[in-house]
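Residues -21 to -1, 1 to 724 (mature numbering (1 follows the signal peptide of the UniProt record, and there is no 0)) make up the sequence shown, in order. The beta carbon of each residue, even a glycine, is placed where N, CA and C say it ideally should be.
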Amino acid sequence: MKSICNLLLLLILCVAGYAQQPSYSKFYYQRASLFEELPIQSQDVVFLGNSITNGSEWHELFNAPNFKNRGISGDLAQGVYDRLQPIIKGKPQKVFLLIGINDLQRGTPPDSVIYWVQKIIQQLKQQSPDTKLYIQSILPVNTNLRSFSDQITRLQAIEKTNQQLEYLCQKESLTYIDLFEGLKSRSSNQLDPLYTNDGLHLMGKGYLRWKELLTPYLTEAPLVIATYPVLPVLTNKEINPVAKLVIYRTGPEKIKLQSISLSLNGTTQPDDILQIRLYEEGDNGMPDPNKPLGSGQTPKSNMKFTDNLPSGRDTIRLWVTVKLKNKINLTHRVLTTITQVETPNKSLPIIQTPAKEGLRVGVALRQFMQDKVHTSRIPGLTTAKNGTLLAIYDARYENSRDLQGDIDIALNRSNDGGVTWQPMQVILDKKTWGGLPEKFNGVSDACILTDTKTGYIYVAGLWMHGVLDKETGKWTEGLTEKSSNWIHQWQAKGSQPGTDVKQTSQFLITRSTNNGKTWSEPVNITAQTKRKEWWLFAPAPGHGITLNDGTLVFPTQGRDENGISFSNITWSKDGGKSWTTSNPAYKDVTECMVAQLEDGSLMLNMRDNRNRGNYTENGRRICTTTDLGVTWTEHPTSRKALIEPTCMGSLHKHIRKGKSLLLFSNPANQSVRTNMTLKVSTDNGNTWPESYQTELDQYRSAGYSCITSINEDTIGILYESSQAQLVFQQISLNELLDNKPKQNK
């Protein structure tokens, strides 16, 4: 009972915090008083919001005198609620609401915006139930235009608020209009500079684009929107989403569906597909496996679905999904187009957001609870001298959490370029060393390296024995299976100066001399590589490299004598018998990968903590060295060329037609781990042309990745995906660099 009372008190305090009366400008009161004198009528369409709404001449834009502007510059979500009554009184036909950017600019959390939008929804539903309300997403901003830098620094809050707005619309059976997607640049999540001159407000072309996005919502027929997100389509997976269909009621009648027709034109090989099936959308925005619509169909060029389609609703959301054969050509693509949606009376027009090209296929290498592993994370990938692919990862048995925990380093091998994979092997496992349970002997964050001279393969991992006290840094005695103590090596005093197993996390290396079939007992190189004053020294996840002269190089990372993170390299000139640690390349950076450039120098590409929450200056830290890390020089593209949401990224050198290419992959987004993208540089990382980039997965994931070379014209990538915990795909460089597929029209 006491806990319930405390929860109610917390809720009351939260609501009270949201309900504080804000201070409005004189302009707000001037406009609000004007709107009280200008009546709204039942045939009116009202545009409600802040300066972005205020800036349009809606009746002229649509050539409709019943289109009323109710925008006020500087307005807040609560401000809209406070002036809602004159609008509700007129019971308008439609209301288009856009609000929230000014709230976020003031530091108001997204939850507060959602709170007031929900109150607006409730008021309209209760007092004007026949009014059709449309919730529009907050627009993107442009960080390259600094006129409104306070708003521009809140990109992450914008995207979080939009996600919550979309979910709110699903819950309230309202129409959500994604203006963010419609107004952003093709190459980023920034407001397209064609539409703005200050990074926030719209110019004429921006309002014309907005009109184009809103026009379909002004008809009486049900609104049908088909979208085709960029997602991998995977073998070893039952449900692969390939097309999304949302149908909104816009007139007086509820939606009645009779049939949905599809086309597979553009699919490389329809026989790759075992089944196509429709599912209703779940609360997570993806197909709900518990809500199939009818039975699946075998693929044909043109298909029609009529069984168990939902009807009698205001909004219908569903997905087209496919199931692939378990062994297919990984250069193939799947293209599914929704061609017709029919009611008993007519065929409905479809707003198509066409796929740029067919979706790439791939392999769901690791999924939830596969081999009794809760979470498979932190990919590494390399190619053995005989062509075998070796994929490593954390096998996190109990949960998704980082060290400390019951975590081993596991491996899958492929002898056919990644089409099929052999069963999981555990290659680094400290079991119950020192008498502690396995959950206090975790190994994580591995890096794999192929010695191209000998063919030997090395895997480095970080072992944590027990836990240190976060306040004192002292080792915790008496741990048992029932103990719940936890700390991470990067958190507080989770790893400390010294080299002893009870002082600091340990750097382990294991070796295979037979292309990964068997592995040696791990060697602990902590004492020979870690400076005693450093708090932590660890491998950086991904893969290492062999230099032209045979030197083996691992990318590494750590925490210095003050606990500040750094990136560097660790190298061996004697085939892995001994290892030397370089000086840090930079501070306040962490996970990194290394490549040897054409001039023999080494480039280190680093995750930079300064990018977290920084949208005005955002980019990977990049440094080079000519002396194995004794000295470092910052590269001209550092913090400029490759954006990141503060996440691990993969750097890889590939030789094609005698020329050196650099490849890079990461979530190409400044704020959230979405838009997993592969990029190619043909000039040693000085430029990364947009034409040499390809998006692999636009949805959110954990975002780590690793690239390897399969043959001269093909690379492989292993990454954490929205569609499986680890996905493997082949990418044709011939397609990416020479003969890009034409866009579908």
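*Give the straight-line distance between the Cα atoms of residue 744 and residue 83, rounded to the nearest whole angstrom.*
Nothing about residue 744 can be read from this structure; the chain reaches only from -21 to 724.
*Please classify residue 547: is it buried, with 16 or more other beta-carbons within 10 angstroms of its beta-carbon, or exposed?*
One-based indexing of the sequence shown puts residue 547 at position 568. It counts as buried.
*Which residue or residues does DSSP assign as beta-bridge partners of residue 437?*
As a first step, residue 437 is located in the sequence shown; it is residue number 458 there, counting from the start. Beta-bridge pairing links residue 437 to 428, 490.
*Sequence-distant residues of the same chain with beta carbon closer than 7 Å to residue 23, five excluded per side*: Within the sequence shown, the letter at position 44 stands for residue 23. Correct list, in chain order: 45, 47, 69, 71, 72.
*From what residue to what residue does the alpha helix (DSSP H) around residue 184 run?*
Sequence index remark: in the sequence shown, residue 184 carries index 205 (1-based). Run containing residue 184: 183 to 193, per the alpha helix (DSSP H) assignment.
*Kindly indicate the opening and closing residues of the beta strand (DSSP E) around residue 545.*
For the purposes of this step, residue 545 is taken as residue 566 along the sequence shown, with counting starting at 1. Segment 544 to 551, the beta strand (DSSP E) holding residue 545.
*Alpha carbon to alpha carbon, how far is residue 212 from residue 174?*
Position 233 of the sequence shown holds residue 212. Position 195 of the sequence shown holds residue 174. So the alpha carbons of these two residues sit roughly 34 Å apart.
*Determine the DSSP secondary structure at residue 712, reduced to helix, strand or coil.*
On the sequence shown, position 733 is the one that residue 712 refers to. In this structure, residue 712 counts as helix in the three-state DSSP scheme.
*Have a look at the DSSP bridge pairing and note the partners of residue 522.*
Here residue 522 is taken as the residue at index 543 of the sequence shown, counted from 1. Residue 522 is bridged to 427.
*the region 277 to 292 contacting the region 224 to 243, beta-carbon criterion three pairs below 8 Å*: The answer is yes - the region 224 to 243 touches the region 277 to 292, with three or more Cβ pairs under 8 Å.
*Using 8 Å as the Cβ pair cut-off and three pairs as the minimum, do the region 401 to 416 and the region 464 to 478 touch?*
no
*Quick one: what does DSSP say residue 8 is sitting in, helix, strand or coil?*
Counted from its first residue, the sequence shown places residue 8 at position 29. Of the three classes helix, strand and coil, the one that applies to residue 8 here is helix, per DSSP.
*asked:* Restricting to runs no shorter than 3 residues, where is the beta strand (DSSP E) found entirely within the region 563 to 613?
replied: 568 to 575, 581 to 587, 600 to 604
*Could you name the residues of the same chain whose beta carbon sits closer than 7 Å to that of residue 273, not counting the 5 residues immediately before and after it, in chain order?*
Start at 1 with the first residue of the sequence shown, and residue 273 comes out as number 294. 257, 284, 286, 287, listed in sequence order.
*Helix, strand or coil: how does DSSP classify residue 670 here?*
Here residue 670 refers to the residue found at position 691 of the sequence shown. Correct three-state label for residue 670: helix.
*How big is the Cα-Cα spacing for residue 197 and residue 229?*
Position 218 of the sequence shown, counted from the first residue, corresponds to residue 197. Position 250 of the sequence shown, counted from the first residue, corresponds to residue 229. The alpha-carbon atoms of residue 197 and residue 229 are separated by roughly 8 Å.
*For my contact list, residue 374 and residue 360 are in at a C-beta cut-off of 8 Å; report their separation, rounded to the angstrom.*
Position 395 of the sequence shown, counting from 1, holds the residue named residue 374. Position 381 of the sequence shown, counting from 1, holds the residue named residue 360. About 16 Å; that fails the 8 Å criterion.
*Does DSSP put residue 717 in a helix, in a strand, or in coil?*
By one-based count along the sequence shown, residue 717 stands at place 738. It is helical.
_the region 87 to 98 contacting the region 53 to 60, beta-carbon criterion three pairs below 8 Å_ = yes
*asked:* I need the straight-line Cα distance from residue 602 to residue 588, nearest angstrom please.
replied: The residue given as residue 602 occupies position 623 in the sequence shown. The residue given as residue 588 occupies position 609 in the sequence shown. In a straight line, the C-alpha of residue 602 is about 15 Å away from that of residue 588.
_With the cut-off set at 8 Å, would you say residue 343 and residue 314 are in Cβ contact?_
Along the sequence shown, one-based indexing puts residue 343 at 364. Along the sequence shown, one-based indexing puts residue 314 at 335. No, Cβ-Cβ distance for residue 343 and residue 314 is not below 8 Å.
*asked:* Can you look up residue 92 in the DSSP assignment and give me helix, strand or coil?
replied: As a position in the sequence shown, residue 92 is number 113, starting the count at 1. Of the three classes helix, strand and coil, the one that applies to residue 92 here is helix, per DSSP.
*C-alpha gap between residue 677 and residue 462, whole angstroms*: Taking the first residue of the sequence shown as position 1, residue 677 is located at position 698. Taking the first residue of the sequence shown as position 1, residue 462 is located at position 483. Cα-Cα distance, rounded: 40 Å.
*What is the DSSP secondary structure of residue 665, reduced to helix, strand or coil?*
Stepping through the sequence shown from its first residue, residue 665 is reached at position 686. Of the three classes helix, strand and coil, the one that applies to residue 665 here is coil, per DSSP.
*Using three-state DSSP, classify residue 196 as helix, strand or coil.*
Residue mapping note: residue 196 aligns to position 217 of the sequence shown, counting from 1. Three-state result, residue 196: helix.
*asked:* In this structure, how does DSSP classify residue 302 when only helix, strand and coil are distinguished?
replied: For this step, residue 302 is matched to residue 323 along the sequence shown. Residue state, collapsed to three classes: strand.
*Going by C-alpha distance, which of 81, 17, 330 is nearest residue 2?*
As a position in the sequence shown, residue 2 is number 23, starting the count at 1. Cα-wise, what sits closest to residue 2 is 81.
*asked:* Can you give me the C-alpha to C-alpha distance between residue 296 and residue 195, rounded to a whole angstrom?
replied: What you label residue 296 is simply residue 317 of the sequence shown in a count that begins at 1. What you label residue 195 is simply residue 216 of the sequence shown in a count that begins at 1. Computed Cα separation, rounded: 17 Å.
*On the three-state DSSP scale, how would you describe residue 61?*
Within the sequence shown, numbered from 1, the residue matching residue 61 stands at position 82. Looking at residue 61 - three-state DSSP - the assignment turns out to be helix.
_Distance CB(residue 725)-CB(residue 675) smaller than 8 Å_ = This structure cannot speak to residue 725, because the chain is shown only from -21 to 724.
*Which residues in the same chain as residue 713 place their Cβ atom closer than 6 Å to its Cβ, once the five residues preceding and following it in sequence are excluded?*
Here residue 713 refers to the residue found at position 734 when the sequence shown is read from its first residue. 692.
_Three-pair Cβ contact test at 8 Å for the region 321 to 340 versus the region 470 to 486_ = no
*In terms of DSSP beta bridges, what is residue 536 paired with?*
The sequence position of residue 536 within the sequence shown is 557, counting from 1. Beta-bridge pairing links residue 536 to 517, 546.
*Ends of the alpha helix (DSSP H) at residue 33?*
Looking up residue 33 in the sequence shown gives position 54. Start and end: 30 to 33.
_For residue 35 and residue 186, which I take to be in contact (beta-carbon distance under 8 Å), what is that distance rounded to the nearest angstrom?_
As a position in the sequence shown, residue 35 is number 56, starting the count at 1. As a position in the sequence shown, residue 186 is number 207, starting the count at 1. Going by Cβ atoms, the distance from residue 35 to residue 186 rounds to 5 Å, so yes, they are a contact pair.
*asked:* If the criterion is Cβ atoms closer than 8 Å, does the pair residue 517 and residue 537 meet it?
replied: Numbered from its first residue, the sequence shown carries residue 517 at position 538. Numbered from its first residue, the sequence shown carries residue 537 at position 558. Cβ distance < 8 Å, so residue 517 and residue 537 count as in contact.
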